[in-house]
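Participant: After the structure tokens below, expect a handful of questions from me.
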Amino acid sequence: MFALSSVFLLLGAAITAQAGVIPTASTTNNPAAPTSTSKAFVPLYKTLPATPVLPPNARFQGTANVNNIELWYTLYGPPPKLSKREPVVLLHGSQMSSRWLGAQIKHLIASQKDRTIIAIDTRAHGRSTDDLSVPLTYDLFASDAAALLKQLGIKRAAVFGWSDGGNTAVALAMGSSASLVERAYVYGANANPDQVNVTGIMTAPFWDEHAARMRAEYEAIAPVPAAWDTFSERIEDMQSALPQWTGADLGKIKTRYEDPENAPIVWFSGGDSEEVISRYVPGTLRDSVWGSSLVILPEVGHYGPVEDPATLNAVLDRWLAKSRY
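With mature numbering (1 follows the signal peptide of the UniProt record, and there is no 0) applied, the sequence shown corresponds to residues -19 to -1, 1 to 306, in that order.
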């Protein structure tokens, strides 16, 4: 997901919208064409389902003081010290909150009973506070996540990130706290702003609804509900400039060829009908990280985690079960 105003920054003054005419199929020549009494086919990638909710009965919901902010997070399953396998950390996308990953959290609670499940509201998003004295960056988001894991006594974690959360997962795996990442599933990420598909965003049938929903949800739970405009401007500034990762930068992520015992198991992923990020990007990211894997989900776009949670959840179980050798 991408801030709407970031789209206009990337469009630039030289881009002019052009409308094409799509011919209507003849029902005479196309027996499969829907009739007035049949249901029209709407592909999943053209839908924006209702925002999920966080499951009830969390072990903890509250904030931790990290890097001069209050970072909101929620815990499910066993406490971190009793987690028999690496905890799973979920990082949501731009302008969202952790509730957008509610379907994944609910599934993982049931399928990964011996793991702690942690969902974080990114700095300035959801119920987390902001520090206006510093710009928003993916490295800063990664630093926040790392600081929280260290406070919780977690030495290694499986990290799932969607969109900006995927960028945060990549930053975490490349940065000074890379040893915290036992494995990473990166959905809908990008390596630089040029990889954003501006045309795809502007033609998404649900984009206006998406923008309105983001604002309404922010104003409902943010520590400073009236700060939406400031928040949006800060997101624009970040997304128009970052990330700026080269193949060499991504190559800093350790591979299992180099360190089979400790290097992260990395899966780059996206939807086959991705509309926000150019569709070649997951493959490019995979090619830049030797030994990583590529997973393309069918019939979904950038919003795959809510468009078809069942398929993604099944893949997440396989990712978590993947043997290191």
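Note that the Cβ used here is the ideal one computed from N, Cα and C, for glycine as well.
Going by the beta-carbon positions, is the gap between GLU163 and GLU256 smaller than 7 Å?
Facilitator: Against a cut-off of 7 Å, the Cβ pair of GLU256 and GLU163 comes out as no contact.
Participant: If we require 3 or more residues per run, which beta strand (DSSP E) segments fall completely within the stretch 221 to 253?
Facilitator: Here the runs fully enclosed are 246 to 252.
Participant: In or out: ARG80 buried (at least 16 other Cβ within 10 Å) or exposed?
Facilitator: Result: buried.
Participant: Classify ILE(-5): buried if its beta carbon has 16 or more other beta carbons within 10 angstroms, exposed otherwise.
Facilitator: In this prediction, ILE(-5) scores a pLDDT of 40, lower than 50, which makes its location untrustworthy; the coordinate-derived value is nonetheless stated afterwards. Under this definition ILE(-5) is an exposed residue.
Participant: Return helix, strand or coil for GLU198, following the three-state DSSP convention.
Facilitator: Residue state, collapsed to three classes: helix.
Participant: Classify SER250: buried if its beta carbon has 16 or more other beta carbons within 10 angstroms, exposed otherwise.
Facilitator: SER250 is buried by the Cβ-count criterion.
Participant: Contact between the stretch 88 to 104 and the stretch 216 to 223 is defined here as three or more beta-carbon pairs at a separation below 8 Å; is this criterion met?
Facilitator: No, because fewer than three Cβ pairs between the stretch 88 to 104 and the stretch 216 to 223 fall closer than 8 Å, the two stretches do not touch.
Participant: Could you say if the stretch 55 to 73 and the stretch 125 to 133 meet the contact criterion of at least three C-beta pairs nearer than 8 Å?
Facilitator: Yes: at least three Cβ pairs fall under 8 Å.
Participant: I think VAL70 touches ALA138, with their Cβ atoms under 8 Å apart; what is that distance to the nearest whole Å?
Facilitator: Going by Cβ atoms, the distance from VAL70 to ALA138 rounds to 5 Å, so yes, they are a contact pair.
Participant: Using only the alpha-carbon positions, how far apart do ASP189 and ARG40 sit?
Facilitator: Those two C-alpha atoms are separated by around 36 Å.
Participant: With which residues is THR44 paired in a DSSP beta bridge?
Facilitator: DSSP lists TRP53 as partners of THR44.
Participant: May I ask you to report which of helix, strand or coil DSSP gives ALA165?
Facilitator: Correct three-state label for ALA165: strand.
Participant: Does the stretch 146 to 159 come close enough to the stretch 181 to 199 to have 3 or more Cβ pairs within less than 8 Å?
Facilitator: Contact fails: fewer than three Cβ-Cβ distances are below 8 Å.
Participant: Pick from GLY142, GLY282, ALA123: whose alpha carbon is nearest that of ILE182?
Facilitator: ILE182 has its Cα closest to that of GLY282, out of GLY142, GLY282, ALA123.
Participant: Excluding the 5 residues preceding and the 5 following ALA45 in the sequence, name in chain order all residues of the same chain whose CB lies nearer than 6 Å to its CB.
Facilitator: For ALA45, where only same-chain residues beyond five positions count, the Cβ hits under 6 Å are LEU52, LEU129, GLN132.
Participant: Rounded to a whole number of angstroms, what is the C-alpha to C-alpha distance between LYS303 and PRO206?
Facilitator: Answer to the nearest angstrom: the Cα atoms are 42 Å apart.
Participant: Quick one: residues in its chain with C-beta nearer than 7 Å to the C-beta of TRP226, no 5 flanking neighbours on either side, listed in chain order?
Facilitator: Excluding residues within five positions, the ones whose Cβ falls inside 7 Å are ALA172, ASN173.
Participant: Of the choices ALA150, ARG267, PHE141, whose alpha-carbon is the least far from that of LEU121?
Facilitator: The shortest C-alpha separation from LEU121 is found at ALA150.
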